Every structure is written in structure tokens, then in C-alpha cells.
Amino acid sequence: MGIVKIGDELHEEIRQFSSVMNRSINAQAEFWIKMGRLAELNPTKTFQELILEQMKSVPLAQEEAANE
Numbered sequence: 001m002g003i004v005k006i007g008d009e010l011h012e013e014i015r016q017f018s019s020v021m022n023r024s025i026n027a028q029a030e031f032w033i034k035m036g037r038l039a040e041l042n043p044t045k046t047f048q049e050l051i052l053e054q055m056k057s058v059p060l061a062q063e064e065a066a067n068e
């Protein structure tokens, strides 16, 4: 695991969102980084489409995602 330096303001936002989303601060930051990367690589897809694709890549979630 590496260390990424971020500003205090962004760290506070991550802390607040992690509490709401019931994630650790690191998990929240990782989620935002991953979704940002996916959004840059797939500029025509919506957030919901990206999430659905990610769910389909997880074996347990495939059945649930197929029903949507």
C-alpha cells in the first residue's frame, strides 16, 4: 500500500462522506479514485452504468444486476 498526500479540505470531505457511506476513509478515497478513473476511461457512460458494470464483474452481484 502506498501513501498519497492530499489537501486537508479534501481529506475532510472524504472523512464526512465515508461516515455517510459507512466506509473507512481509505475505502472512500479508493472508491472515488476508482470511479474517477473509470469515468475518464468511459466519458460517455453515466455513473449508474459504471456501477452496474462493476456489479456485473462480481460473481455474487451478477444475478442481482441482471434483474435490473
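All residue numbers for the sequence shown refer to full-length UniProt numbering, where the first residue is 1 and numbers rise by one. A virtual CB, placed ideally from N, CA and C, is assigned to each residue, including glycine. Remember, predicted model here, so these are calculated numbers, not experimental data.
Are the Cβ atoms of residue i and residue j separated by less than 7 Å?
| i | j | result |
| --- | --- | --- |
| Ile25 | Ile14 | yes |
| Leu38 | Leu52 | no |
Any idea what DSSP makes of residue i, helix, strand or coil?
| i | result |
| --- | --- |
| Gly7 | coil |
| Ser18 | helix |
| Met55 | helix |
| residue 76 | In the structure as shown, the chain begins at 1 and stops at 68. Residue 76 is therefore absent and cannot be evaluated. |
The alpha helix (DSSP H) with residue i in it runs from where to where?
| i | result |
| --- | --- |
| Arg23 | No alpha helix (DSSP H) contains Arg23, which DSSP labels as neither H nor E. |
If contacts are defined as beta-carbon pairs under 8 Å, then residue i and residue j qualify, I think. What distance do you get, rounded to the angstrom?
| i | j | result |
| --- | --- | --- |
| Gln28 | Met21 | 6 Å |
What's the C-alpha gap between residue i and residue j?
| i | j | result |
| --- | --- | --- |
| Ser19 | Thr44 | 30 Å |
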